[in-house]
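Reading through the structure tokens given below for one structure.
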Amino acid sequence: MAEEIKRPVKITDTILRDAHQSLIATRMKTEEMLPIIEKLDQVGYHSVECWGGATFDACLRFLKEDPWDRLRQLRSGFKNTKLQMLLRGQNILGYRHYADDVVEYFVQKAVANGIDIIRIFDALNDIRNLDTAVKATKREGGHAQIAISYTLSDIHTLDYYVNLSKEIEEMGADSICIKDMAGLLVPYEAEKLVKALKANIKVPIQLHGHYTSGVAAMSYLKAVEAGVDIIDTAMSPFAMGTAQPATEVMVETFKGTPFDTGYNQELLAEIADHFRPLREEALSTGLLNPKVLGVNIKTLLYQVPGGMLSNLLSQLQKQKAEDRFYEVLEEIPRVRADYGYPPLVTPSSQIVGTQAVLNVLTGERYKMVTKESKSIVRGEYGRTPAPISEKIKQKIIGDEKQITCRPADLIEPELDKIEAEMLHYKEQDEDVLSYALFSQVAEEFFKYRQAQKSKIDPKAADEENKVYPV
Ligand code: CO
Numbered sequence: 001m002a003e004e005i006k007r008p009v010k011i012t013d014t015i016l017r018d019a020h021q022s023l024i025a026t027r028m029k030t031e032e033m034l035p036i037i038e039k040l041d042q043v044g045y046h047s048v049e050c051w052g053g054a055t056f057d058a059c060l061r062f063l064k065e066d067p068w069d070r071l072r073q074l075r076s077g078f079k080n081t082k083l084q085m086l087l088r089g090q091n092i093l094g095y096r097h098y099a100d101d102v103v104e105y106f107v108q109k110a111v112a113n114g115i116d117i118i119r120i121f122d123a124l125n126d127i128r129n130l131d132t133a134v135k136a137t138k139r140e141g142g143h144a145q146i147a148i149s150y151t152l153s154d155i156h157t158l159d160y161y162v163n164l165s166k167e168i169e170e171m172g173a174d175s176i177c178i179k180d181m182a183g184l185l186v187p188y189e190a191e192k193l194v195k196a197l198k199a200n201i202k203v204p205i206q207l208h209g210h211y212t213s214g215v216a217a218m219s220y221l222k223a224v225e226a227g228v229d230i231i232d233t234a235m236s237p238f239a240m241g242t243a244q245p246a247t248e249v250m251v252e253t254f255k256g257t258p259f260d261t262g263y264n265q266e267l268l269a270e271i272a273d274h275f276r277p278l279r280e281e282a283l284s285t286g287l288l289n290p291k292v293l294g295v296n297i298k299t300l301l302y303q304v305p306g307g308m309l310s311n312l313l314s315q316l317q318k319q320k321a322e323d324r325f326y327e328v329l330e331e332i333p334r335v336r337a338d339y340g341y342p343p344l345v346t347p348s349s350q351i352v353g354t355q356a357v358l359n360v361l362t363g364e365r366y367k368m369v370t371k372e373s374k375s376i377v378r379g380e381y382g383r384t385p386a387p388i389s390e391k392i393k394q395k396i397i398g399d400e401k402q403i404t405c406r407p408a409d410l411i412e413p414e415l416d417k418i419e420a421e422m423l424h425y426k427e428q429d430e431d432v433l434s435y436a437l438f439s440q441v442a443e444e445f446f447k448y449r450q451a452q453k454s455k456i457d458p459k460a461a462d463e464e465n466k467v468y469p470v
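Numbering-wise (the numbering used here), the sequence shown opens with residue 1 and increments by one.
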């Protein structure tokens, strides 16, 4: 009997980024990561996703940590494993479009501080918004992975995805990721999509799913059988729910098959032992809401990604309007259709989500319109997958003009100006980028950092004086 051809599936573990972003609002601290890095590094992962996405903002805003320092600490711990980050194209990790010089400098510093693979995506799949980041990544010697934001609508057909992937490959992507942030990719569609892409694309294909609707592990199985090269999973204590399928489960699934990862299940169990108490603690403090852990089949109806579900819930809780949750969920697809069917992912998920909340709570659709809603309709985020109707345009921006060029073409270089603004806080080059992305939050962090130092320094000086009296 002919021996079966081995085609081990590769795994990116998201435990240090998407897993905790999806389940506990990105609150995992660096000190909670460091003790387990040595073991994570022994697994043999394709990569560990550990930076970017919301982690940068969360570090500065909530954890009072320097995200660059986190990256350097992770880099020095991971000796064998590639480190991966998520980047929102021209938005970098922020919520607006930046000038090319900021994007280029950010990518340069991300690679210089230890990132190997940059997954780059645009919320609207407008590939003009990826160009600068992709070129910069390749110039710095990084691996540029381009992600397609997966969504469902009349215009998001198999042909649409194949054509988009061909354009992406031509742009120079080193690999392509199907980014299913909402858990919309059902198993047999996954099989069809992966087969179609594998038939047309030469670079490796990676699948990034979320368990929100309960089908992700089955979709992974069908995708792997159909030829997908890499899957994204999370260590079990922070897996499933609105996060990824569990690493251990997928490893076990493929054991003894041509797709066998060869990973050591005992080592994975030891790693899970490290994260389990963190899960228990998050459950006891309420940081991990059991609501995001169950199967939410409504995500298939409303196409709402996991992170967005938990954000909406807390937004409504703050307004004491938790009981309007399902009304808001029903309003989301209507707003999405009005805005030309953008895939729901940062920042479009926030734009559509917040507008849906306003539409429900004010009792009249578009009575109040956010600044970001105006921006998306004006074309300031790029081209929406479908055109926006004249009626909606009138309602939201009146007679204002829309732009049709790449939005960043209208932004002058801004790095020097930004640096001049924050120079008195600058302790490292990277601080300029923290400030560029989150000026107010970064400023508060810089002040905090200074205060911590002046708290520590006099004491340290005293200690020194004791040892070496002068
Ligand atoms: Co994700």
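Just so it is clear, CB atoms sit at the ideal spot from N, CA and C, and this is done for glycine as well.
Please read all numbers here as calculations on a predicted model, not as lab measurements.
*Near Leu361, which residues of its chain fall below 8 Å by C-beta distance, leaving aside the five closest residues on each side in sequence?*
For Leu361, where only same-chain residues beyond five positions count, the Cβ hits under 8 Å are Gln319, Ala321, Arg324.
*Leaving aside the five residues before and after Val345 along the sequence, list all residues of the same chain whose C-beta is less than 6 Å from its C-beta, in chain order.*
Ala123, Ser149, Met181
_Supposed close pair Ile120, Leu130 - CB separation, criterion 8 Å_ = 5 Å
*Helix, strand or coil at Gln265 according to DSSP, with G and I counted as helix*: Note: Gln265 maps to helix in three-state DSSP.
*Verify whether the separation of the beta carbon atoms of Leu329 and Leu23 is less than 7 Å.*
No. Outside cutoff.
*Integer-rounded CB distance, given that Gly262 should sit under 8 Å from Pro8*: 6 Å
*Near Leu267, which residues of its chain fall below 8 Å by C-beta distance, leaving aside the five closest residues on each side in sequence?*
Lys39, Gln42, Val43
*Of all the options Pro245, Glu225, Ala226, Gly241, which has the alpha carbon lying nearest to the alpha carbon of Ala234?*
Pro245
*Looking at the structure shown, is Asp126 part of a helix, part of a strand, or coil, going by DSSP?*
coil
*How should Met368 be labelled, buried or exposed, when 16 other C-beta atoms within 10 angstroms of its C-beta is the threshold for buried?*
exposed
*Roughly how far, in whole angstroms, is the beta-carbon of Ile351 from the beta-carbon of Ile376, given that I think they are within contact range, below 8 Å?*
5 Å
*Tell me whether Arg383 is buried or exposed, calling it buried when 16 or more other Cβ atoms sit within 10 Å of its Cβ.*
Arg383 should be labelled buried.
*In angstroms with no decimal places, state the Cα-to-Cα distance between Ser47 and Asp13.*
7 Å
*Do you know offhand how far Thr299's Cα is from Ile456's?*
49 Å
*Whose C-alpha, out of Pro35, Pro187, Ile297, Gly286, is nearest the C-alpha of Gly241?*
Ile297
*Would you call the segment 306 to 316 and the segment 188 to 200 in contact, with 3 or more CB pairs under 8 Å?*
no
*asked:* Report the CB separation of Pro347 from Tyr95 in whole angstroms; it is logged as a contact under 8 Å.
replied: 5 Å
*Taking the Cβ atom as the reference point for each residue, do Leu513 and Asn125 lie within a distance shorter than 7 Å?*
No answer is possible for residue 513: it lies beyond the span of the chain, which begins at 1 and ends at 470.
*From the DSSP output, read off the bridge partner residues of Ile271.*
The bridge partners DSSP lists for Ile271 come to none.
*Element boundaries [beta strand (DSSP E), containing Leu87]*: 83 to 87
*Pull up the distance between the alpha-carbon of Phe238 and that of Glu444, whole angstroms please.*
30 Å
*Please classify Tyr341: does DSSP put it in a helix, a strand, or coil?*
coil
_Heavy atom of the ligand CO within 6 Å of Ile13 beta-carbon_ = A quick correction: the sequence has Asp, not Ile, at residue 13. No - the ligand CO has no heavy atom lying nearer than 6 Å to the Cβ of Asp13.
*Over what stretch of residues does the beta strand (DSSP E) that includes Asp13 continue unbroken?*
10 to 13
*Just to check, is the beta-carbon of Met181 closer than 6 Å to a non-hydrogen atom of the ligand CO?*
yes
*How many angstroms separate the CA atom of Ile230 from the CA atom of Thr253?*
15 Å
*Exposed or buried, which one is Asp100 when buried takes at least 16 other CB atoms within 10 Å?*
Label assigned to Asp100: buried.
*How is Leu361 classed by DSSP in three states: helix, strand or coil?*
It is helical.
*Three-way DSSP call (helix, strand, coil) for Phe121 in this model*: strand
_Distance between Thr30 and Lys395 (C-alpha atoms, nearest Å)_ = Straight-line Cα distance between these residues: approximately 46 Å.
*Would you kindly report the start and end of the unbroken beta strand (DSSP E) that includes Lys179?*
175 to 179
*Between the beta-carbon of Ala442 and the beta-carbon of Tyr435, is there less than 7 Å?*
yes
*Among the residues of its own chain, which have a CB less than 8 Å from the CB of Ile332, if the five just before and after it don't count?*
Tyr302, Gln303, Val304, Leu344, Val352, Gly353, Ala356
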